[in-house]
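Going by this note's numbering, the sequence shown wraps up at 478, each residue one higher than the last.
Idealized CB from N, CA, C, for every residue including glycine.
Beneath this line is the structure, given in structure tokens, with notes to follow.
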Amino acid sequence: MTETTLPALGEGPSTPARPAGPRRPGVVPAIAAWSNEQPARTVLVARPGIGLAYKDETSADRDDDYALWPRMEVVLGARRPEFTRVHPLRQRELMREMRCQVCRGEASHDARGWLFLLPDARTDWTGWPETMANRHPPLCEECVEPVAAYCPHLAGGIAVRVQQPVLFGVYGTEYRPSPVGLVAVGARTVSYEDPVIAWVLAAQMVRTLNGCSIDRPLTALLARGAKR
251 MTETTLPALG EGPSTPARPA GPRRPGVVPA IAAWSNEQPA RTVLVARPGI GLAYKDETSA
311 DRDDDYALWP RMEVVLGARR PEFTRVHPLR QRELMREMRC QVCRGEASHD ARGWLFLLPD
371 ARTDWTGWPE TMANRHPPLC EECVEPVAAY CPHLAGGIAV RVQQPVLFGV YGTEYRPSPV
431 GLVAVGARTV SYEDPVIAWV LAAQMVRTLN GCSIDRPLTA LLARGAKR
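See the structure below:
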């Protein structure tokens, strides 16, 4: 059995926390991590027939589809929101239950579909964002402007209605056994159906977006806000 002691993955490649800016909202989005919420130092092991595991694993360490998730702990010290860092377990909860990533309430859902806010990437492919693998949980309409304010890459973003946001898999760090222990080989998005998921420590849950249409009134509202 190969093992190594590593900090659990918080959200993929680390992003330095930024100081609060004038456009940040007065509320803290549920998806954001706080400064005193940190990945727990845990012993990851390679188990034959299972893949990546914790040495002292419990049922709470995996989601309903058996993906392994990081353990988070609350540490002593100053407590401030870190708007650029995602709390992996709250992200999982919000994405699985399709709840608003800001207020944790019911996400907006009508005949056009569920409401998501995405960075503008319409030049990436024809029909964007159809079939996109998405890590941003949905929102309610009241929270669209606040989330765009705290998340710089969503300022001036595109509000999208999605009829079928299908649970796909996870984004996280893949590990491989080696003679010196488990080695991280990089971040990737992997389907729940892919055997490689056995070697991935999840950081964010992923849904694919199907049946997409742009919510033009909300998108125009975001564009006006980005110009202010």
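Practice prompt. Under 8 Å by Cβ, that's how I've got Val420 and Met455 pegged, so tell me the actual separation to the nearest angstrom.
Written response: 6 Å
Worksheet item: What residue from Arg335, Trp364, Leu339 has the CA that sits closest to Met348's CA?
Response: Trp364
Discussion item. Just verifying my parser: in three-state terms, what is the DSSP assignment at Pro275?
Written reply: Low local confidence applies: a pLDDT of 49 at Pro275 is under 50, so the model's placement there is unreliable, with the coordinate-based value given in what follows. Residue state, collapsed to three classes: coil.
Item to complete: Output the distance between the C-alpha atoms of Val324 and Gln341, rounded to the nearest integer angstrom.
Response: 17 Å
Worksheet item: On the three-state DSSP scale, how would you describe Ala317?
Response: coil
Worksheet item: Could you give the C-beta distance for Ala357 and Cys350, rounded to a whole number, given that I count them as a contact under 8 Å?
Response: 5 Å
Practice prompt. Throw me the rounded Cβ distance for the Tyr425 and Ala437 pair, which I believe falls under 8 Å.
Written response: No, Tyr425 and Ala437 are not in contact; Cβ-Cβ is about 11 Å, not under 8 Å.
Item to complete: Could you pull out every residue in the same chain whose Cβ sits closer than 7 Å to the Cβ of Trp378, ignoring the five residues on either side in sequence?
Response: Ala371, Arg372
Worksheet entry | Nonlocal neighbours in the same chain, by C-beta distance under 7 Å from Ala287, ignoring five residues either side | Reading the sequence as shown, one finds Glu at residue 287 and not Ala. Met322, Val324, His337.
Discussion item. Buried or exposed, going by whether 16 or more other CB atoms sit within 10 Å of the CB of Asp465?
Written reply: buried
Worksheet entry | Cross-strand partners of Thr439 (DSSP beta bridge) | Tyr421
Practice prompt. Specify whether the segment 467-476 and the segment 398-417 touch according to this definition: at least 3 beta carbon pairs, one from each stretch, less than 8 Å apart.
Written response: yes
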